[in-house]
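Visitor:
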Amino acid sequence: MIRSIVKWPGGKGRVIPDLLPHLPKADCLIDPFVGGASVFLNTDYRRYVLADINPDLINLYREVTRHPELVIHSARYLFENFNSPDGYAEIRRAFNIKGFYCHSPFGMSGLLAMSAKITRAAQFLYLNRHGYNGVVRYNQSGGYNVPFGNHKSAPYLPEAEIRLFAEKAKDTTAIFMCCPFEVTIQATANKDAVLYCDPPYLPVSETANFTQYHSTPFGAPQHRELVAALLAANIKHGIPVVLSNSDTAATRDIYKAFNFQEISVNRSVSSKVSTRAAAKEVIGTLKVCAGCGRHGGGRCPDCGPCCGDATYREMMATAAAYGVEPF
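For what it's worth, my numbering labels the leading residue of the sequence shown as 12, then goes sequentially.
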């Protein structure tokens with residue numbers, strides 16, 4: 012198992028063994044909610060489209076792909092010199108001042124475009140690893156507002172993981188996109204790809220209601236929009252669709268076009284270790300016709316018994332028009 016560069020709420024590292032059998036063979040994997048990128052790191056597609064609405068996450072992935080050693084060098088400086096509540100507050104304050112990058116080992120060159128992106132990537136990695144319990148959270152103004160975490164030992168700098176990420180991203184010519192899921196799906200879906208979606212989970216309770224999509228809410232209306240986008244992509248291209256989410260009544264209602272497999276996953280974000288019990292989740296695969304691969308049918312003779320008899324009726328009407336006896 013290849014570990015993620017970042018600590019990410021809801022990361023798929025723990026469910027990879029359950030998820031892999033549901034991901035069909037294809038030339039390309041499209042992931043509109045890349046998050047911790049565990050699916051990218053632990054699958055073997057020839058190409059990848061990895062997207063997220065979080066610009067800091069995508070900047071990190073782009074920079075570790077282009078300049079892995081420079082990101083490691085810059086991050087090491089922060090990890091070694093700012094591992095304290097005051098140091099964390101200082102880096103977070105600088106990170107939230109857009110266009111200002113402090114404490115770069117590149118000196119004044121850190122104000123140049125390339126070095127600024129590298130430094131911001133290192134700062135984001137530092138904040139992610141030193142923040143409270145791996146939470147990634149922004150306020151409505153887009154400011155990173157996660158408090159410092161009380162770590163028993165110095166947070167881990169994932170040097171080896173960064174190098175592995177960079178190597179795989181280069182080998183697969185991975186494309187990184189920072190945009191809403193609708194744009195990713197509409198712009199990249201094609202017949203030679205598979206769509207995997209791991210959107211913010213629908214809450215299992217009022218106290219577990221953490222459904223932010225970067226700095227904006229992601230609730231039931233957004234999940235319904237996601238379903239509409241996925242169905243449109245499948246009907247147009249025949250692209251297979253797989254998703255993950257919490258196992259709730261709302262999930263099963265909104266995603267009723269999917270078949271579900273239930274799995275149990277240990278929680279990793281709860282504030283108390285004692286409350287990190289196994290959580291129920293589902294892996295969903297879109298219901299499609301075995302003949303044409305589309306949801307809803309009407310694209311091939313096999314659609315009758317699977318998804319509806321639109322094609323069958325059309326065939327019978329054509330036969331009747333030409334006086335051909337039905338078989």
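The beta-carbon is built from N, C-alpha and C at its ideal position, and this holds for glycine as well.
1. For Gly-142, write down the residues that DSSP places opposite it in a beta bridge.
2. What are the start and end residues of the beta strand (DSSP E) that includes Tyr-207?
3. DSSP puts Tyr-59 in a beta bridge; with which residues?
4. Starting from Gly-233, trace the alpha helix (DSSP H) in both directions and tell me its first and last residue.
5. In terms of residues, what are the limits of the alpha helix (DSSP H) holding Ile-173?
6. Does the beta-carbon of Leu-31 have 16 or more other beta-carbons within 10 angstroms, so that it is buried, or is it exposed?
7. Assign Ala-301 to one of three DSSP states: helix, strand, or coil.
8. In the DSSP output, what is Ala-290 paired with across the bridge?
9. Under 7 Å, do Ser-85 and Ile-13 count as touching if we go by C-beta distance?
10. Go ahead and pull the three-state DSSP assignment for Gly-295.
11. Just to confirm, is the Cβ distance from Ala-177 to Val-60 under 7 Å?
12. Looking at C-alpha atoms only, which residue of Ala-171, His-248 and Thr-227 is the closest neighbour of Lys-202?
13. What residues in its chain sit with their C-beta under 6 Å from that of Pro-169, if we drop five residues either side in the sequence?
14. Taking its Cβ as the centre, do 16 or more other Cβ atoms sit within 10 Å of Gly-334, making it buried, or is it exposed?
15. For Cys-311, write down the residues that DSSP places opposite it in a beta bridge.
16. May I ask you to report which of helix, strand or coil DSSP gives Pro-191?
17. Between Arg-148 and Asn-139, how many whole angstroms is the CB-CB distance? I'm expecting something under 8 Å.
18. Tell me whether the beta-carbon of Leu-237 lies closer than 7 Å to the beta-carbon of Val-252.
19. Is it right to say Asn-65 is buried, meaning 16 or more other beta carbons lie within 10 angstroms of its own, or is it exposed?
20. So what does DSSP say about Val-75, is it helix, strand or coil?
Guide: Considering the structure as presented:
1. Taking the sequence shown and counting its residues from 1, one reaches residue 142 at position 131. Beta-bridge pairing links Gly-142 to Phe-159.
2. Within the sequence shown, numbered from 1, the residue matching residue 207 stands at position 196. Where Tyr-207 is concerned, the enclosing beta strand (DSSP E) stretches over 204–208.
3. Translated into positions along the sequence shown, residue 59 becomes position 48. Residue pairing by DSSP puts Tyr-59 in a beta bridge opposite Leu-40.
4. Residue 233 sits at position 222 when you count from the first residue of the sequence shown. The question names Gly, but residue 233 in the sequence shown is Gln. For Gln-233, the enclosing alpha helix (DSSP H) stretches over residues 231–248.
5. What you label residue 173 is simply residue 162 of the sequence shown in a count that begins at 1. Ile-173 -> alpha helix (DSSP H) spans 170–182.
6. For the purposes of this step, residue 31 is taken as the residue at position 20 of the sequence shown. Leu-31 should be labelled exposed.
7. Here residue 301 refers to the residue found at position 290 when the sequence shown is read from its first residue. DSSP places Ala-301 in coil when its eight states are reduced to three.
8. Locating residue 290 in the sequence shown gives position 279, where the first residue counts as 1. DSSP lists Val-276 as partners of Ala-290.
9. Looking up residue 85 in the sequence shown gives position 74. Looking up residue 13 in the sequence shown gives position 2. In this structure, Ile-13 does not lie closer than 7 Å to Ser-85 by Cβ.
10. Translated into positions along the sequence shown, residue 295 becomes position 284. Gly-295: strand per DSSP, three-state reduction.
11. In the sequence shown, residue 177 corresponds to position 166, counting from 1. In the sequence shown, residue 60 corresponds to position 49, counting from 1. No, they are not a contact pair.
12. Numbered from its first residue, the sequence shown carries residue 202 at position 191. Looking at the Cα atoms, His-248 is the closest of the given residues.
13. The residue given as residue 169 occupies position 158 in the sequence shown. So the qualifying residues of the chain are Ile-16.
14. As a working note, residue 334 is residue 323 in the sequence shown. By the 10 Å Cβ count, Gly-334 comes out exposed.
15. If you number the sequence shown from 1, residue 311 lands on position 300. None; Cys-311 has no bridge partner.
16. Residue 191 sits at position 180 when you count from the first residue of the sequence shown. Correct three-state label for Pro-191: coil.
17. Taking the sequence shown and counting its residues from 1, the one referred to as residue 148 is at position 137. Taking the sequence shown and counting its residues from 1, the one referred to as residue 139 is at position 128. Their Cβ separation, rounded to whole angstroms, is 11 Å, which puts Arg-148 and Asn-139 out of contact at 8 Å.
18. Residue mapping note: residue 237 aligns to position 226 of the sequence shown, counting from 1. Residue mapping note: residue 252 aligns to position 241 of the sequence shown, counting from 1. In this structure, Val-252 does not lie closer than 7 Å to Leu-237 by Cβ.
19. Along the sequence shown, one-based indexing puts residue 65 at 54. Under this definition Asn-65 is a buried residue.
20. Here residue 75 refers to the residue found at position 64 when the sequence shown is read from its first residue. Helix, per DSSP.
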